[in-house]
Amino acid sequence: MEVDWFAQTPSRIRLEWGRRGAKSAAQRGDILVVVDALCFSTGVALAVSRGGVVSPCAKGEDTPERAGPLSAEIAVHRDDVPAKGRFSLSPGTFRGVTPGTRVLLASPNGATCARYAAQVPALFVGAFVNAKSVADAVAALMAENAGLAVTVLACGERWRERDTDDGDLRFAVEDFLAAGAIVSYLPERLTRSPEATAAVAAFHAAQYDLPCHLRECGSGIELIERGYSGDVDEAAALNTLSVAPVLQDGFFTVG
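For the sequence shown, our numbering assigns the number 45 to the initial residue and increments by one for each residue that follows.
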């Protein structure tokens with residue numbers, strides 16, 4: 045059997061990147077925490093905190109044919125709210141969610157990485173806004189089963205033009221920091237990989253000025269210049285939501 049030098053074993057807390065990282069976590073049978081801070085994870089956490097449920101899908105799969113059987117509203121492009129729909133990847137649009145509302149939400153990162161739910165013990169979505177709540181939920185599962193490990197997945201972003209050398213995955217510091225926030229709240233008795241430890245160190249260095257860091261990072265600048273500074277501010281709030289959305293039967297709901 046080929047040895048996987050990059051599996052971060054025997055540590056029980058691991059940090060991975062992107063779709064490949066999600067696939068690797070699923071192959072190991074890890075609990076998976078999907079972190080797409082700007083803005084999929086933040087929006088889902090806000091929706092679930094208000095009693096809504098969110099069905100994630102890859103970009104292009106958010107069709108009426110898929111939404112119909114789910115009795116779900118399709119989230120639209122940010123620029124198309126409210127003309128074409130109520131919800132989008134802008135977290136603030138989910139403040140209008142009422143209990144029982146079903147939303148089909150596509151994104152190329154967070155929602156796409158959630159496709160591995162059927163292969164993992166549990167799949168949570170985490171961000172700054174619910175970092176401690178997600179960590180508490182994960183810790184409870186790991187306390188029940190000493191054989192479980194968790195992969196906290198920094199989804200990263202996508203370059204608009206795929207590079208022939210490095211592909212299209214772009215480092216997203218906001219996801220690295222949010223992943224570090226979640227890991228920082230997990231019990232210290234659980235061993236951390238060096239990758240996870242580095243994320244915690246980065247979070248500790250940035251935690252007292254998260255709004256500034258998010259506003260000045262590449263993803264934040266992009267959103268602000270496109271007129272969505274509110275999305276950045278929503279995402280930069282630490283532990284404002286006491287909810288750990290978990291994917292069950294195709295929907296993120298209260299864990």
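Virtual Cβ for every residue (Gly too), placed ideally from N, Cα, C.
Checklist line | Whether Val147 touches Val78 by CB criterion (7 Å) | finding: No, the pair does not count as a contact, with Cβ atoms beyond the cut-off.
Margin query: Mapping the DSSP letters down to three states, classify Val92 as helix, strand or coil.
Written below: Under the three-state reduction of DSSP output, Val92 falls in the helix class.
Note to self: Between which two residues does the alpha helix (DSSP H) holding Ser273 run?
What the structure shows: Note, Ser273: alpha helix (DSSP H), Ser273 to Ala279.
Notebook entry, point to check: Would the beta-carbon of Thr86 fall within 7 Å of that of Ala155?
Noted result: For Thr86 and Ala155, no; Cβs fall outside 7 Å.
Next item on the list: Use the C-beta contact count for Gly211: other C-beta atoms within 10 angstroms, 16 or more gives buried, fewer gives exposed.
Entry: Per the 10 Å Cβ criterion, exposed.
Check: Assuming Leu213 contacts Gly200 under a Cβ cut-off of 8 Å, what Cβ separation, rounded to an integer in Å, is found between them?
Finding: Going by Cβ atoms, the distance from Leu213 to Gly200 rounds to 5 Å, so yes, they are a contact pair.
Item checked: Contact check, Val120 vs Pro289, beta carbons under 7 Å -> Cβ distance not < 7 Å, so Val120 and Pro289 don't count as in contact.
Item checked: Same chain only: Cβ atoms within 7 Å of Ala158, ignoring 5 sequence neighbours per side -> Short of 7 Å from the beta carbon of Ala158, and not among the five residues preceding or following it, lie these beta carbons of its own chain, in chain order: Val78, Pro100, Leu167 and Leu291.
Item checked: Cβ-based burial, Asn189 [other Cβ within 10 Å; buried from 16] -> By the 10 Å Cβ count, Asn189 comes out exposed.
Checklist line | N- and C-terminal bounds of the alpha helix (DSSP H) containing Ser99 | finding: For Ser99, no alpha helix (DSSP H) segment is defined; the enclosing uninterrupted segment is the beta strand (DSSP E) at Val97 to Cys101.
Item checked: Alpha-carbon to alpha-carbon, Val97 and Val141 -> In this structure, the alpha-carbon of Val141 lies about 9 Å from that of Val97.
Checklist line | the stretch 257-266 / the stretch 235-243 touching (three or more Cβ pairs under 8 Å) | finding: No: fewer than three Cβ pairs fall under 8 Å.
Notebook entry, point to check: Hey, quick one: how far does the alpha helix (DSSP H) through Phe247 stretch, first residue to last?
Noted result: Looking at the DSSP string, the run of the alpha helix (DSSP H) that includes Phe247 is Pro238 to Ala250.
Notebook entry, point to check: Beta-carbon separation of Thr195 and Arg56 under 7 Å?
Noted result: Contact: no.
Next item on the list: May I have the straight-line CA-CA distance separating Ala223 from Pro126, to the nearest angstrom?
Entry: Distance between the alpha carbons of Ala223 and Pro126: 32 Å.
Note to self: Quick check on Thr53: does DSSP put it in helix, strand or coil?
What the structure shows: In the displayed model, Thr53 falls within coil according to three-state DSSP, outside both helix and strand.
Check: According to the neighbour-count rule (16 or more other Cβ atoms, all chains shown, within 10 Å of its Cβ), is Trp203 buried or exposed?
Finding: Counting Cβ neighbours within 10 Å, Trp203 comes out exposed, since fewer than 16 surround it.
Next item on the list: Give the range of the beta strand (DSSP E) segment to which Val194 is assigned.
Entry: Where Val194 is concerned, the enclosing beta strand (DSSP E) stretches over Val194 to Ala198.
Next item on the list: Per DSSP, which residues does Gln292 bridge with? Please list them.
Entry: DSSP lists Phe295 as partners of Gln292.
Checklist line | Where the beta strand (DSSP E) containing Ala150 begins and where it ends | finding: From DSSP, the beta strand (DSSP E) with Ala150 extends over Arg146 to Ala150.
Checklist line | Delimiting residues of the beta strand (DSSP E) encompassing Val169 | finding: Per DSSP, Val169 belongs to the beta strand (DSSP E) from Leu167 to Gly170.
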